[in-house]
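Data first, discussion second: the structure below is written as structure tokens.
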Amino acid sequence: MRHTISVLVENKFGVLSRISGLFSGRGYNIESLSVGETIDPQVSIMTIVTTGDDLVIEQITKQLNKLIDVIKVTDMKELDHVEREMVLLKVVPKPDDRTEVLNLAEIFRGRIVDSSPKTYTIEITGDEKKIEAFVELMKPMGIKEFVRTGKVAIAREGTKKKQI
Amino acid sequence: MKLSGAEILIESLKREGVKYIFGYPGGVVLNIFDSLYDEKDIKLILTRHEQGAIHAADGYARASGKVGIGLVTSGPGATNTVTGIATASMDSIPIVVFSGQVPTMLIGNDAFQEADIVGITRPCTKYNFLVKDVKDLSRIVREAFYIASSGRPGPVLIDLPKDVTAGRADFVWPEIDIRSYKPTYEGNKWMIAQAAHLIAKAKKPLIVAGGGVISSGAAKELRELAEHANVPVTMTLMGLGGFPGSHKLSLGMLGMHGTYYANKAVQDSDLLFAIGMRFDDRVTGKVDAFAPHAKIIHLDIDPTSIKKNVRVDVPIVGDVKKVLTVMNKVLKEEVKEQWDEVRRAWLRQIDAWKAERPMTYTYSDEIIKPQFVVEKIYELTKGDAIIATEVGQNQMWAAQFFKYDKPRRWLSSGGLGTMGYGFPAAIGAQFAHPDKLVIDIAGDGSIQMNIQELATAVINKLPVKVAILNNRYLGMVRQWQELFFNERYSHTKLDDTVPDFVKIAEAYGAVGLRATKPAEVEPVLREAFKIKRTVFMDFVVDWKEKVYPMVPAGAAIDQMLFEEIEKKTEKKLRAVK
Ligand SMILES: Cc1cc2nc3c(=O)[nH]c(=O)nc-3n(C[C@H](O)[C@H](O)[C@H](O)COP(=O)(O)OP(=O)(O)OC[C@H]3O[C@@H](n4cnc5c(N)ncnc54)[C@H](O)[C@@H]3O)c2cc1C
Ligand SMILES: Cc1ncc(C[n+]2csc(CCOP(=O)(O)OP(=O)(O)O)c2C)c(N)n1
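In the order they appear, the protein sequences are chains L and U. The opening position of the first sequence corresponds to residue 163 in the numbering used here, with each subsequent residue numbered one higher. The opening position of the second sequence corresponds to residue 569 in the numbering used here, with each subsequent residue numbered one higher.
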């Protein structure tokens, strides 16, 4: 099962390698990882997407909690939450397809952030399904470059932990 | 008045109550060593290898319950500590290691004797620090001691760039509060009540006590629980001494080389109360077949230990001493007589297993059996000694044939299984207990891994004793080769290359004694115990001897091999020689 785990950490030197070292050292995999400062510059938030059965996920959250620099660990599976990811795509459509690319980008609420005679660079934000769907549609158009931020997630206000 | 970083460090160590530092000098720690030159309250013990220093600090910590301290230089000095740190980490031992580092400005430049020791030790420390500003030094030292000794204890490393120890600042001793680190000591009341209820009801309960009982200082509470509720107790290798080995409720050690009766009891029990232990694979054997009939209560201060390897019915996160104190109160409200009645059949069954297969070995008049040496040590010391061990057969026999009645008398590398641990650990323990008899039970292979520490023992006039069970083999590996690799002794035979340990001891200024016949064992031990100096005892033992019982890798823990198996193949064995 795939889980999105949100980890609040002290924004200290070496903390990222403590977290990634925990995953590699214990054979857990990281599907995506995004890190950034919070409003409090002494605290960072990491969003980690990982997979494992219930026992593995329980170990992962416990092990994360055990790290001295970790302030709080939340398994988003237990909460109603919103997940987003941003992707930047550089596509090289055939001249005939250029309008189609623009249309599709519009439908998906993407933005053209750069264009050249041969390429468009599109920014698209959304949950996994939306991004996947868009990427599938762009593939036949010719994707030249592709970068993604990794997921970030936030709990919806007023939700309590789900009983699992 | 401003102090130098080195002076701040020493003042901080004093405030933490440090008496001994085990260390080795080098370029970037010269400032610290210089400050130690005139120091009266803290003594630096110069070992002959940094690995020895860390094991000594670890042995000091295990024997005393205090934090052990190491101090080394950068680069090779720091990398030499890694095995010692990993050893302490696996066994949850509180030590603080100070490593020198190149000046802050040069970090990352491949400077002379630079090693990224913070990076290297990240996975084998509980936490580590790089001090970047001398103003942070005292706070970091304080945090390091707190982290090392609280919760689940463990090693902490502090990397000290040269300019930090040379820099100057006002001395402050700030209160610390680490918001992201709050160990749980008090167990959940409801869980404790539920556990007590299960214990009261159980027909075949069994306590499995681990290293957590020792680190929590909960031997008294554990004994109270076991005696009051009439529950037998088995111990992990790390738990030895957490409950008196000579107590009638003791089943000795469980697991791969545990007693027949302990393993049988685990497999037959209806309730297993795991206290401060982590279900290592040497304990569980085949996990799916472990304690098939038992409900499991697991008490541990570290939530990651719980449900890591085995299913658990009642998890309790908390400190052993605190939780057992509450639990004993709850149980006191129940009627004791009722248990003596309910448990009678179970205890009788355990006695039957004890009678069926006690811990034995075949004694010989002609050749010294290694178990006989351990037995004699037990007999002559009446169990009143601190025993350190190396790793391998020597370690297992020391666990099986010596009964540990008190905590902190048994110093052995369980988790990492570090050959070369025992001798420096014994040295550290002797500093903690100058008047106690400290004995390292060793193998001829392991002792050569830190034999240079003879110099440390001799120069400090330590009466440490080393009993080498000299079988001329890397015995434990040879045992596996004999049993599972068709007696192909690939690179385990040391034979002619085993040095003359008596001469080595003498060369360092220690005393060397040797026994080659069973009749010489007792006189040699008696003489060694009389001499108030460092003594090496070379016991030339039967090389064929194996550690039994033994659970083969991957088998359930009641699928044990016993000594008879060997008897049948005796002929074949001789042919090999
Ligand atoms: C050659 C060899 C053979 C071995 N054979 C065996 C064998 O037959 N049987 C055996 O048992 N071992 C054996 N071992 C040792 C084994 O590898 C493990 O080291 C050992 O079993 C671990 O013991 P433990 O579970 O008590 O854990 P430890 O490593 O001592 O861990 C202690 C546990 O207690 C917890 N704890 C710490 N402090 C507290 C506290 N204050 N309150 C609550 N909990 C606390 C910790 O979180 C941890 O989970 C062998 C080792 C070697 C090298
Ligand atoms: C540093 C290290 N290297 C290798 C091993 C693997 N090992 C485990 S037991 C053993 C043999 C130990 O031989 P010896 O010290 O003579 O003890 P014996 O088993 O003969 O009592 C070896 C090589 C280890 N535990 N530690």
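Beta carbons are placed, not taken as given, at the ideal position from N, Cα and C, and that holds for glycine.
Rounded C-alpha distance that separates residue i from residue j
i: Asn877 of chain U; j: Gly844 of chain U; result: 14 Å
i: Phe991 of chain U; j: Gly633 of chain U; result: 19 Å
i: Leu1141 of chain U; j: Ile1007 of chain U; result: In this prediction, Leu1141 of chain U has a pLDDT of 40, which is less than 50 and means its spatial position is unreliable; nothing more can be read from the coordinates.
i: Ser182 of chain L; j: Asn798 of chain U; result: 47 Å
i: Thr236 of chain L; j: His243 of chain L; result: 11 Å
i: Arg1056 of chain U; j: Asn173 of chain L; result: 55 Å
i: Lys832 of chain U; j: Pro1117 of chain U; result: 12 Å
i: Ala631 of chain U; j: Asn1039 of chain U; result: 28 Å
i: Ile326 of chain L; j: Glu240 of chain L; result: Only weak support is given to the placement of Ile326 of chain L: the predicted model assigns it a pLDDT of 44, under 50, and the value that follows is read from those uncertain coordinates. Going from the Cα of Ile326 of chain L to the Cα of Glu240 of chain L covers about 7 Å.
i: Asp659 of chain U; j: Ser981 of chain U; result: 7 Å
i: Phe1130 of chain U; j: Gly985 of chain U; result: 23 Å
i: Glu792 of chain U; j: Ile726 of chain U; result: 40 Å
i: Ser194 of chain L; j: Lys313 of chain L; result: 7 Å
i: Glu901 of chain U; j: Glu575 of chain U; result: 55 Å
i: Leu1093 of chain U; j: Met824 of chain U; result: 30 Å
i: Ile767 of chain U; j: Pro773 of chain U; result: 7 Å
i: Glu711 of chain U; j: Leu266 of chain L; result: 56 Å
i: Arg616 of chain U; j: Asp868 of chain U; result: 37 Å
i: Ser908 of chain U; j: Ala994 of chain U; result: In the sequence under discussion, the amino acid at residue 908 of chain U is Asp, which differs from the Ser named in the question. Cα to Cα, the separation comes out at about 41 Å.
i: Lys769 of chain U; j: Val910 of chain U; result: 9 Å
i: Tyr972 of chain U; j: Leu979 of chain U; result: 11 Å
i: Thr733 of chain U; j: Val670 of chain U; result: 11 Å
i: Phe175 of chain L; j: Tyr989 of chain U; result: 33 Å
i: Lys897 of chain U; j: Ala830 of chain U; result: 27 Å
Chain U residues whose Cβ lies nearer than 7 Å to that of residue i
i: Glu172 of chain L; result: Ser748
Host alpha helix (DSSP H) of residue i (start-end)
i: Gly645 of chain U; result: Pro644 to Thr647
i: Arg180 of chain L; result: Val177 to Gly187
i: Lys832 of chain U; result: Tyr828 to Asp836
i: Pro1091 of chain U; result: Pro1086 to Lys1098
i: Ile954 of chain U; result: That residue, Ile954 of chain U, is in no alpha helix (DSSP H); its beta strand (DSSP E) goes Ile954 to Thr957.
i: Val1066 of chain U; result: Careful: Val1066 of chain U lies outside any alpha helix (DSSP H) and carries neither H nor E.
i: Arg976 of chain U; result: It is not in any alpha helix (DSSP H) - Arg976 of chain U carries neither H nor E in the DSSP assignment.
i: Arg690 of chain U; result: No alpha helix (DSSP H) contains Arg690 of chain U, which DSSP labels as neither H nor E.
i: Thr261 of chain L; result: Arg260 to Ile269
i: Met964 of chain U; result: Gln961 to Gln968
heavy atom of ligand 3 below 7 Å from residue i C-beta
i: Val1034 of chain U; result: For the structure depicted, ligand 3 is absent and the ligand set comprises only ligand 1 and ligand 2.
Where residue i meets chain L, residues with beta-carbon distance less than 8 Å
i: Pro871 of chain U; result: Lys224, Asn227 and Lys228
Proximal residues of chain L, C-beta to C-beta of residue i below 7 Å
i: Arg846 of chain U; result: Correct list: empty, because the minimum Cβ distance to chain L is about 13 Å.
Under 8 Å by beta carbon: chain U residues contacting residue i
i: Glu220 of chain L; result: Lys875
i: Leu217 of chain L; result: Lys875
i: Arg180 of chain L; result: Arg690
Contacts of residue i in chain U (Cβ-Cβ under 9 Å)
i: Gly176 of chain L; result: Val686, Gly687, Arg690, Asn696 and Leu698
Nearest-angstrom beta carbon gap, residue j and residue i [assumed within contact, 8 Å]
i: Ile207 of chain L; j: Thr200 of chain L; result: 5 Å
i: Tyr695 of chain U; j: Ile715 of chain U; result: 5 Å
i: Ala1073 of chain U; j: Leu1022 of chain U; result: 7 Å
i: Thr1102 of chain U; j: Leu1030 of chain U; result: 6 Å
i: Gly272 of chain L; j: Ile286 of chain L; result: 4 Å
i: Phe970 of chain U; j: Val1089 of chain U; result: That belief does not hold up - the Cβ atoms of Phe970 of chain U and Val1089 of chain U are roughly 15 Å apart, past 8 Å.
i: Asp870 of chain U; j: Arg690 of chain U; result: Not quite, the Cβ-Cβ distance comes to about 18 Å (not below 8 Å), so this is no contact.
i: Ser667 of chain U; j: Thr651 of chain U; result: Between Thr651 of chain U and Ser667 of chain U the Cβ distance is about 14 Å, and since that is not below 8 Å, they are no contact.
i: Val781 of chain U; j: Gly807 of chain U; result: 6 Å
The beta strand (DSSP E) enclosing residue i, as first and last residue numbers
i: His165 of chain L; result: Arg164 to Glu172
i: Thr641 of chain U; result: Run containing Thr641 of chain U: none; DSSP gives neither H nor E here.
i: Glu245 of chain L; result: His243 to Val253
i: Met1105 of chain U; result: Val1103 to Val1108
i: Phe553 of chain U; result: Missing from the structure shown is residue 553 of chain U; chain U here goes from 569 to 1145 and no further.
i: Asn696 of chain U; result: Tyr695 to Leu698
Please list, in chain order, the residues of the stretch 715 to 744 of chain U that have any C-beta partner in chain L closer than 7 Å.
Residues of the stretch 715 to 744 of chain U with a C-beta less than 7 Å from any C-beta of chain L: Ile715, listed in chain order.
Quick one, which residues of the stretch 183 to 209 of chain L are near chain U if we go by CB-CB under 7 Å, in chain order?
Gly183 and Gly187
Could you please tell me which residues of the stretch 228 to 242 of chain L, in chain order, have their CB closer than 9 Å to any CB of chain U?
Cβ contacts with chain U come from Lys228, Leu229, Ile230, Asp231, Val232, Ile233 and Lys234.
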